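In full-length UniProt numbering, the protein residues as written are 1 to 269. Even glycine gets a Cβ: it sits at the ideal position worked out from N, Cα and C. This structure is a prediction, so every number in the text was calculated from the model and none was measured. Read through the structure below, which is laid out as structure tokens, and then see the notes.
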């Protein structure tokens, strides 16, 4: 079976003796104990703590490949070059290679296809947008370009911390102070959650009397929505139903969310 290219992905390649050091001081994920062939997930943030671009980083013997949304690739490349200063690292977008299905495990979810970097000339088919979005929405994985854009959301809004995209114990990175403060003070009030219902439409409000969130992606009767979890807890306590487009909606509560909801419930008591 031939490999299929994944839609809307570009590759920024880092090479040189300081490539790990550059990422260590700028991006959210750690580079410690990073083995060749291992993928890591992370993002470059603004100084105010919002995501400029997220990516999957693949470490090879001589390079680091950043698998990033095509519309975010130019900005990621430009920012990394600004932060490079006098470091010995080359940064460039690849034009002859593409992100495909492969053997590198996507660390965000076991439900997502494994990945690889392959020569574009060898790829004859691309995974359809419909299949890709159905797969990632079912896995509960938000995506730059579909669920949010550059400088719009904080990492916790799109569950970057839940998907191992932030190492809060590493050294400084751009936007670390804001990101760490939100986590430390338990001020997470927004999460992207799976939603289900017949009335889902991208951009529509999730209502429980008043709006508690906004639908960001839809595939059939499945979707993702950026939810104000504090308002969701209040609606639960009041026994209010959730709707979208005038029809009932179910909001999934993943296992990782339970402790946050308990803390929010206690804060409301």
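Per DSSP, cross-strand counterpart(s) of residue 250: Within the chain shown, numbered from 1, the residue matching residue 250 stands at position 250. Answer is 196.
Start-end ranges of the beta strand (DSSP E) lying completely within the stretch 131-218, minimum 3 residues: 190-196, 205-208
Looking only at C-alpha atoms, which of 62, 146, 117 sits nearest to residue 71? Residue 71 sits at position 71 when you count from the first residue of the chain shown. Selected option, being the one with the closest Cα: 146.
My output table needs one value for residue 39: the three-state DSSP class, helix, strand or coil. Here residue 39 refers to the residue found at position 39 of the chain shown. Three-state DSSP puts residue 39 in a strand.
Rounded to whole angstroms, what's the CA-CA distance from residue 246 to residue 196? Just pull it up for me. Taking the first residue of the chain shown as position 1, residue 246 is located at position 246. Taking the first residue of the chain shown as position 1, residue 196 is located at position 196. C-alpha of residue 246 to C-alpha of residue 196: approximately 13 Å in a straight line.
Going by C-alpha to C-alpha distance, which of 49, 176, 187, 255 sits closest to residue 264? On the chain shown, position 264 is the one that residue 264 refers to. When only C-alpha atoms are compared, the closest one is 187.
Can you tell me which of 155, 216, 5 puts its alpha carbon nearest to the alpha carbon of residue 101? Mapped onto the chain shown, residue 101 falls at position 101. Among 155, 216, 5, the Cα nearest to that of residue 101 is on 5.
Where does the unbroken beta strand (DSSP E) through residue 224 begin, and where does it stop? On the chain shown, residue 224 is found 224 positions in, with the first residue counted as 1. Taken as a continuous stretch (DSSP letters only), the beta strand (DSSP E) holding residue 224 covers 222-228.
At least 3 beta-carbon pairs within less than 8 Å: the stretch 103-122 vs the stretch 30-46: yes
Assuming residue 42 and residue 21 make a contact with CB atoms under 8 Å, what is their CB distance in whole Å? For the purposes of this step, residue 42 is taken as the residue at position 42 of the chain shown. For the purposes of this step, residue 21 is taken as the residue at position 21 of the chain shown. Not really, about 15 Å apart at Cβ, beyond 8 Å.
Expected contact under 8 Å - CB spacing of residue 191 and residue 229 to nearest Å: Your numbering for residue 191 matches position 191 in the chain shown. Your numbering for residue 229 matches position 229 in the chain shown. With 8 Å as the limit, residue 191 and residue 229 qualify as a contact, their Cβ atoms being about 5 Å apart.
Is it the case that the Cβ atoms of residue 10 and residue 68 are separated by a distance below 8 Å? Locating residue 10 in the chain shown gives position 10, counting from the first residue. Locating residue 68 in the chain shown gives position 68, counting from the first residue. For residue 10 and residue 68, yes; Cβs fall inside 8 Å.
Does DSSP put residue 233 in a helix, a strand or coil? One-based indexing of the chain shown puts residue 233 at position 233. In this structure, residue 233 counts as helix in the three-state DSSP scheme.
Contact between the stretch 196-210 and the stretch 231-240: three or more CB pairs below 8 Å? yes
Name the DSSP bridge partner or partners of residue 52? Taking the first residue of the chain shown as 1, we reach residue 52 at position 52. DSSP output for residue 52 lists no bridge partner at all.
Closest to residue 214 by C-alpha separation, out of 61, 204, 155, would be which residue? Against the chain shown, residue 214 aligns to sequence position 214. The shortest C-alpha separation from residue 214 is found at 204.
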